[in-house]
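Participant: In our numbering, the protein residues as written are 180 to 303. Don't be surprised by glycine CBs; every beta carbon is placed ideally from N, CA and C.
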Amino acid sequence: MDSGASHSFISARFASCLDVTPDCMSYILDVSTPTGTSMSTDSVYRSCEMSMAGITLYVDLIVLPIRDFDVILGMDWLSAHRARMDCYNKTVDFCLPDGMTFQFTGDKGFSTLIISFIRASRYL
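What follows is the structure, encoded as structure tokens:
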């Protein structure tokens, strides 16, 4: 989940595992990345079924040639499901349009060592 992303995305590599064909959007979307580059796309997988906390939800996923993530759930999806993020506790509370509520709990830690860019550059 990325509250900084305006749309929801799927990596082209991960999308190739799906047994469906993407739709062509009526426009080309130019997406800016945090590194300052941009990517263009016109492909979207509509109404992809996903399960979160045992609940079936649907999302439109725009195809991007990204490598670090399989799927990014952005503000379009988060706002449609009335998500409230608690970053400190690593939870997201959802209140669906039908009144159903549930909570998603994220990782409590990292499985890989993370170091800062400044510290990493000292090793180079």
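1) With Leu257 as the anchor, note down where its alpha helix (DSSP H) starts and where it stops.
2) So, is Ile234 buried or exposed, given that buried needs 16 or more other C-beta atoms within 10 angstroms?
3) Tell me, to the nearest whole angstrom, how far the beta carbon of Val199 is from that of Tyr224; I am working on the premise that it is less than 8 angstroms.
4) Hey, quick one: how far does the alpha helix (DSSP H) through Phe193 stretch, first residue to last?
5) Since Ser211 sits in a beta bridge, which residues does DSSP pair it with?
6) So Leu243 and Phe188 are supposed to be a Cβ contact under 8 angstroms. How far apart are they, rounded?
7) How should Ser219 be labelled, buried or exposed, when 16 other C-beta atoms within 10 angstroms of its C-beta is the threshold for buried?
8) Over the uninterrupted beta strand (DSSP E) stretch that includes Leu240, give me the two end residues.
9) Please confirm whether Asp239 and Ser222 have their CB atoms less than 9 angstroms apart.
10) With burial defined as no fewer than 16 other Cβ atoms inside 10 Å of the residue's Cβ, what is the status of Gly318: buried or exposed?
11) Sorted by chain position, which residues of the same chain lie with C-beta nearer than 8 angstroms to Phe248's C-beta, five sequence neighbours on each side aside?
12) Would you identify the three-state DSSP class for Tyr267, choosing helix, strand or coil?
13) Output needed for Met231: all residues of its chain with C-beta closer than 6 angstroms, excluding positions within five of it in sequence on either side, in chain order.
Facilitator: Let me spell this out:
1) By 1-based counting over the sequence shown, the position of residue 257 is 78. That run of the alpha helix (DSSP H) goes Met254 to Ala259.
2) Here residue 234 is taken as the residue at index 55 of the sequence shown, counted from 1. Label assigned to Ile234: exposed.
3) Within the sequence shown, numbered from 1, the residue matching residue 199 stands at position 20. Within the sequence shown, numbered from 1, the residue matching residue 224 stands at position 45. With a Cβ gap of about 6 angstroms, Val199 and Tyr224 count as contacting.
4) On the sequence shown, residue 193 is found 14 positions in, with the first residue counted as 1. For Phe193, the uninterrupted alpha helix (DSSP H) run begins and ends at Ala191 to Ala194, by DSSP.
5) If you number the sequence shown from 1, residue 211 lands on position 32. Its beta-bridge partners are Ser217.
6) Counting from 1 along the sequence shown, the entry for residue 243 is found at position 64. Counting from 1 along the sequence shown, the entry for residue 188 is found at position 9. The pair is a contact, with the Cβ atoms about 5 angstroms apart (cut-off 8 angstroms).
7) Numbered from 1 along the sequence shown, position 40 holds the residue referred to as residue 219. Here Ser219 is exposed: its Cβ has fewer than 16 other Cβ atoms, across all protein chains shown, within 10 Å.
8) On the sequence shown, position 61 is the one that residue 240 refers to. Unbroken beta strand (DSSP E) run through Leu240: Ile234 to Leu243.
9) Taking the sequence shown and counting its residues from 1, one reaches residue 239 at position 60. Taking the sequence shown and counting its residues from 1, one reaches residue 222 at position 43. Cβ atoms of Asp239 and Ser222: not closer than 9 angstroms.
10) Outside the modelled stretch of the chain, which goes from 180 to 303, sits residue 318, for which no answer is possible.
11) The count along the sequence shown starts at 1 and reaches residue 248 at position 69. The answer, listed in chain order, is Phe188 and Ser190.
12) The count along the sequence shown starts at 1 and reaches residue 267 at position 88. Three-state DSSP puts Tyr267 in coil, outside helix and strand.
13) Residue 231 sits at position 52 when you count from the first residue of the sequence shown. So the qualifying residues of the chain are Phe283.
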